[in-house]
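>
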Amino acid sequence: MKIMQKMQKMALIAVLVSSLSVSGCGYNTLQVKDEAVTASWSEVQNQYQRRADLVPNLVNVVKGYAKHEEKVLVEVTQARANVAGLKVDKDVLDDPAAFQKYQEAQGQLTGALSRLIAVAENYPDLKANEQFRDLQAQLEGTENRIAVARNRYIASVQDFNAYSRQFPQVMTAKVIGMQPKPNFSAEQSAQTAPKVSFD
């Protein structure tokens, strides 16, 4: 009977020691921070989806006014299709190449939308159209939401990456196979200041 009690005490001590060692290695916090990165990435995707849902409506309104601006409309439609065709899930956060490809596709859509808005400026009737103004305001609001969501993602990635590189968490991260998360980088076109011309 005493042997059984001794074994139970030793088992209890072993469980306590192992739970303390696991909590001290940062495993649980790594999981929480990993989930925070995933959640903030989901919000970025949510805002990208909102933009993608608005684009066909905006294109259709502009199409009615700017029939001969087919090239710009095709670019916007193609850019949206490229974004929609990419498989984006949690795994993209662990694959820097896939993350970069997704970021580039979103950049192409942003550029195409900028050209579409510039075309729309050439059509006074279109600028006055209530539906177009509403869609443009929604799109501008979405771009702001995307910027906020990306900033939150950047902050959560910074928090995760900094924490996972500290000791002893770095050891735990290596053992369980957690890699640093990729972050957004400025698009190539962001290096050049936009040119404004009143010709």
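Last residue of the sequence shown? That's 208 in our numbering, and every number before it is there in order. Glycine included, every Cβ here is placed at the ideal spot set by N, Cα and C. Note that the structure is predicted; figures quoted are calculated from it, not measured.
1) Taking the Cβ atom as the reference point for each residue, do Asp43 and Met180 lie within a distance shorter than 8 Å?
2) Can you tell me where the alpha helix (DSSP H) holding Leu95 begins and where it ends?
3) Just to confirm the assignment, what range does the alpha helix (DSSP H) spanning Val101 have?
4) Would you say the stretch 108-124 touches the stretch 158-176, given that touching needs at least three Cβ pairs under 8 Å?
5) For Val68 and Val184, what's the separation of their Cα atoms in angstroms?
6) Determine the contact status of Tyr57 and Ile155, defining contact as a CB-CB distance below 8 Å.
7) Please return the same chain residues whose Cβ sits closer than 6 Å to the Cβ of Gln140, not counting the five positions on each side in sequence.
8) Quick check on Lys183: does DSSP put it in helix, strand or coil?
This is what the structure gives:
1) no
2) In the DSSP annotation of this structure, Leu95 is not part of any alpha helix (DSSP H), being labelled neither H nor E.
3) Segment: none, Val101 is in no alpha helix (DSSP H) and carries neither H nor E.
4) no
5) 50 Å
6) yes
7) Val70
8) helix
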